[in-house]
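Position 148 of the sequence shown, counted from 1, bears residue number 148 in this note's numbering, the numbering being contiguous throughout. The beta-carbon is built from N, C-alpha and C at its ideal position, and this holds for glycine as well. The structure presented is a predicted model; accordingly, all values stated were derived computationally and were not measured. Data block below; observations after.
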Amino acid sequence: MIFKHIFTILLALFYSVGITAQDIPGISPTAKFTDSAGEEGESPFSGSAPVIGIFKANPENVGSWNAHYEWRFYTEGNASNPYLIRYEQDTEFTFNKAGVNFIVCYATFTQGNDTVAYAREYWEEAGPMSVSISDSKLEMPNAFSPNGDGINDVYRAKTGYQSIVEFHAYIFNRWGQKIYEWSDPSGGWDGTFNGKDVKQGVYFCLVKAKGADGRNFNIKKDVNLLRGYTETTD
Numbered sequence: 001m002i003f004k005h006i007f008t009i010l011l012a013l014f015y016s017v018g019i020t021a022q023d024i025p026g027i028s029p030t031a032k033f034t035d036s037a038g039e040e041g042e043s044p045f046s047g048s049a050p051v052i053g054i055f056k057a058n059p060e061n062v063g064s065w066n067a068h069y070e071w072r073f074y075t076e077g078n079a080s081n082p083y084l085i086r087y088e089q090d091t092e093f094t095f096n097k098a099g100v101n102f103i104v105c106y107a108t109f110t111q112g113n114d115t116v117a118y119a120r121e122y123w124e125e126a127g128p129m130s131v132s133i134s135d136s137k138l139e140m141p142n143a144f145s146p147n148g149d150g151i152n153d154v155y156r157a158k159t160g161y162q163s164i165v166e167f168h169a170y171i172f173n174r175w176g177q178k179i180y181e182w183s184d185p186s187g188g189w190d191g192t193f194n195g196k197d198v199k200q201g202v203y204f205c206l207v208k209a210k211g212a213d214g215r216n217f218n219i220k221k222d223v224n225l226l227r228g229y230t231e232t233t234d
């Protein structure tokens, strides 16, 4: 979303000699987001944590003006008490907590006694940028069939997991020996140990994870490894 120029010019500017409308600097702030599923979009955006946000002030007509930028990140009802402030033209931030976040960019341009400010009044008219982080969700299956048919060949989190910001999974055999582990919910176990296929049977999976909403997951699951089973997509 690109915001149009709506600005407040301090009184001193009107009395400056040689200043014209064409000389006035401005900003057109933009935001681009990418969530954990690879979905991309601009403000307003909703997605699964972690969500990476890239923010640009996009200043224009700066010329010899001195520019000062202040990015403010806040939650609903807390505009006057931001949880993060960044003093740079462009910035990047990763959102890991569930809920709605708002982002504004205050910009001040000075030249001698002249000042052009884009602050509270600017954003009251334009409206803040926003990103909504979903509540967490995580489930693990109880079986998979690593037989090379391209269907359910890897044991991994069920499709649709959301806003998982910490993840650790472990696979044990029936003697309690750890034979595999991974630390990304998009990863998984292919049914091998030290490069060799393990036998068909029941294994044990332990998952410890944390969601963007603070929820802790402690999943314990028996996993049936079925090598002779062929699945269909019908």
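Using the beta-carbon count (16 or more within 10 Å), is residue i buried or exposed?
i      : result
Ser64  : exposed
Ile85  : exposed
Gly241 : Since the first residue of the chain shown is 1 and the last is 234, residue 241 is not available in this structure.
Val223 : buried
Ile54  : exposed
Gly211 : buried
Asp35  : buried
Ile151 : exposed
Tyr106 : buried
Val51  : buried
Val154 : exposed
Would you report the Cα separation of residue i and residue j, rounded to the nearest angstrom?
i      : j      : result
Ser130 : His68  : 22 Å
Asn218 : Pro128 : 37 Å
Arg156 : Pro141 : 7 Å
Lys56  : Val207 : 38 Å
Lys220 : Phe204 : 7 Å
Gln162 : Glu39  : 12 Å
Ser46  : Gly201 : 41 Å
Leu225 : Glu181 : 16 Å
Phe109 : Lys158 : 51 Å
Val62  : Ser80  : 28 Å
Pro25  : Gly160 : 45 Å
Gly228 : Ala143 : 13 Å
Asn96  : Asn113 : 42 Å
Gly99  : Glu139 : 21 Å
Asp23  : Trp71  : 24 Å
Gln111 : Asn216 : 53 Å
Gln177 : Glu88  : 51 Å
Pro146 : Pro44  : 41 Å
Gly195 : Tyr83  : 47 Å
Ala236 : Ala37  : A question about residue 236 goes unanswered here, because the residues of the chain that appear run from 1 up to 234.
Ile103 : Val116 : 21 Å
Please go through the same chain and pick out, in chain order, the residues whose beta-carbon is closer than 8 Å to the beta-carbon of residue i, but skip the five residues on each side of it.
i      : result
Ser183 : Phe167, His168, Ala169
Val198 : Asn173, Ile179, Gly191, Thr192, Leu225
Glu42  : Met1, Thr30, Ala31, Lys32, Phe33
Asn101 : Phe73, Tyr74, Thr75, Phe95, Ser130, Val131, Ser132, Ile133
Grab me the residues of residue i's own chain with a C-beta within less than 6 Å of its C-beta, minus the 5 sequence neighbours each way, in chain order.
i      : result
Ile179 : Ile171, Asn173, Phe193
Asn66  : Thr110
To which residues of the same chain is residue i closer than 7 Å at the C-beta, ignoring the five residues directly before and after it?
i      : result
Gly214 : none
Ile27  : Ala57, Asn58, Pro59, Cys105, Ala107, Tyr118
Ile164 : Ser136, Leu138, Pro185, Ala209, Gly211
Asn78  : none
Stretch-stretch touch, CB-based, cutoff 8 Å, three pairs: the stretch 186-201 with the stretch 154-173: A contact exists between the stretch 186-201 and the stretch 154-173.
Three-pair Cβ contact test at 8 Å for the stretch 82-99 versus the stretch 111-130: With fewer than three CB-CB distances shorter than 8 Å, the stretch 82-99 does not count as touching the stretch 111-130.
Minimum length 3: unbroken beta strand (DSSP E) runs contained in the stretch 109-164: 114-118, 129-133
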